[in-house]
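Novice:
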Amino acid sequence: MRAAGETARGSAAARERTRPDTYGRFLVMEASEILTRARAGEEKPDGWIVLPLQRGRVILSIIGWFFGAALGLILFAAIFPIMVPENYHSTFGAIASTIFLGILLFIGLGSIWCLISDVRRLIRAQDYLIVITPEDFVQQSGSKVIHVPLINVRYVTARGRAKPDRTPPTNQLEQLGSASENMVGFLFGRGMTQSPEERRKVMNSRAPTSLAFIDTRTNTEVVVTTDTAYGDPFLIAALLKQYAARAQQIA
1 MRAAGETARG SAAARERTRP DTYGRFLVME ASEILTRARA GEEKPDGWIV
51 LPLQRGRVIL SIIGWFFGAA LGLILFAAIF PIMVPENYHS TFGAIASTIF
101 LGILLFIGLG SIWCLISDVR RLIRAQDYLI VITPEDFVQQ SGSKVIHVPL
151 INVRYVTARG RAKPDRTPPT NQLEQLGSAS ENMVGFLFGR GMTQSPEERR
201 KVMNSRAPTS LAFIDTRTNT EVVVTTDTAY GDPFLIAALL KQYAARAQQI
251 A
């Protein structure tokens, strides 16, 4: 009876470990093993990409948020007594002043919030890590762990300003454009003479820096990063696409 009970408990535990739950215990256990091995001082397995949080980039971000908070709050404190109550005698003046002061206050308080978030990341830098193996994508952000098999990674998308392409163009004359195009661009702006593809690239470069993909198990978006704290998002996206394509081809 005792042996039968132990066998039943073992079978139940095995079923629990192999339960196909998106955020189940089996995936968390696998992720913990991958993260532990990635942090170990020993040589990493072949094909593993380990991306720790880059402290230097986070420190630069903290400095930027500090100056943003100082600028926003100082301007708000300096302009508030000038606009209030002088600009609130008319409806238009009141609306315009409220919007302007709100923007300054948003910049100041928003920068403080981002500064605090980055300081917390810097203090717990060892708890922020991205690991890409030939089979899995694992990311730890503080106490949150994301584990997605690469066969379920789709539509990897990086946004923001990519590193400039220093490869010389194949046709210099095509890049220069005609005299009429240059004149129109000078008078009405470069956007009037750009092709749809060029305009798309410009709009993408102005978007906030981010890297995300779709987890096909739940059809939800997984945001990997919203800054360059782990490195160039476009380079990470290229590696993730390559690994995911290889895993899906094998599967």
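At position 188 of the sequence shown (counting the first as 1) the number is 188 in the UniProt record's numbering, and the numbers step up by one without a gap. Ideal Cβ placement from N, Cα and C applies to all residues, glycine included. Predicted model, so just to flag it, every value in this text is computed and none were measured.
(1) Just the C-alpha distance for Ala-69 and Pro-149, rounded to the nearest angstrom, thanks.
(2) Should Ser-117 be labelled buried (16 or more other beta-carbon atoms within 10 Å of its own) or exposed?
(3) Do you know how far the Cα of Val-145 is from the Cα of Asp-136?
(4) How many angstroms separate the CA atom of Ile-130 from the CA atom of Met-83?
(5) So who's on the other strand from Ala-158, going by DSSP bridges?
(6) Use the C-beta contact count for His-147: other C-beta atoms within 10 angstroms, 16 or more gives buried, fewer gives exposed.
(7) So, helix, strand or coil for Ser-111, using DSSP?
(8) For Tyr-88, which residues in the same chain have their Cβ closer than 6 Å to its Cβ, ignoring the five residues on either side in sequence?
(9) When you compare each of Thr-36, Ala-96, Ile-49, Gly-110 to Leu-71 by their alpha carbons, which one comes out closest?
(10) What is the rounded straight-line gap between the Cα of Pro-134 and the Cα of Ala-237?
(11) Measuring CB to CB, does Leu-104 end up less than 8 Å from Phe-66?
(12) Note down, one range per segment and in chain order, each beta strand (DSSP E) of at least 3 residues found wholly within the stretch 108–147.
(13) Which two residues bound the contiguous alpha helix (DSSP H) that contains Leu-75?
(14) Under 8 Å Cβ to Cβ from Ile-62, same chain only, skipping five residues before and after it: list those, please.
(15) Looking at the unbroken beta strand (DSSP E) that takes in Ile-49, where does it start and where does it end?
(16) Distance check for Val-138 and Ala-125, CA to CA, integer angstroms please.
(17) Nearest CA to the CA of Thr-225: which residue from Leu-211, Asp-215, Leu-235?
(18) Which whole-angstrom value describes the C-beta separation of Phe-213 and Val-156, a residue pair presumed to lie in contact below a C-beta threshold of 8 Å?
(19) On the criterion of 16 or more Cβ atoms from any shown chain inside 10 Å, does Gly-108 qualify as buried, or is it exposed?
(20) Three-state secondary structure (DSSP) at Glu-221?
Specialist: Once the coordinates are examined:
(1) A straight-line Cα-Cα distance of about 40 Å links Ala-69 and Pro-149.
(2) Looking at its Cβ environment, which holds fewer than 16 other Cβ atoms inside 10 Å, Ser-117 is exposed.
(3) Distance between the alpha carbons of Asp-136 and Val-145 is about 13 Å.
(4) So the two alpha carbons sit approximately 48 Å from each other.
(5) For Ala-158, which the question treats as bridged, DSSP gives the partners Leu-211.
(6) Its Cβ being crowded by 16 or more others within 10 Å, His-147 is buried.
(7) Under the three-state reduction of DSSP output, Ser-111 falls in the helix class.
(8) Same-chain partners within the cutoff: Ala-94.
(9) Of Thr-36, Ala-96, Ile-49, Gly-110, the smallest CA-CA separation from Leu-71 is found for Gly-110.
(10) Looking at the two C-alpha atoms, the distance is approximately 15 Å.
(11) No, Cβ-Cβ distance for Leu-104 and Phe-66 is not below 8 Å.
(12) Runs found: 128–132, 136–141.
(13) In the DSSP assignment, Leu-75 falls within the alpha helix (DSSP H) that extends over 55–83.
(14) Around Ile-62, the same chain offers Leu-115, Asp-118, Val-119, Leu-122 as residues with beta carbons nearer than 8 Å, after the five sequence neighbours per side are excluded.
(15) Residues 49–52.
(16) Annotation: Ala-125 to Val-138 spans about 16 Å, alpha carbon to alpha carbon.
(17) A check of alpha carbon separations from Thr-225 across Leu-211, Asp-215, Leu-235 identifies Leu-211 as the nearest.
(18) The pair is a contact, with the Cβ atoms about 4 Å apart (cut-off 8 Å).
(19) Gly-108 comes out buried.
(20) Assigned with DSSP and collapsed to three states, Glu-221 falls in strand.
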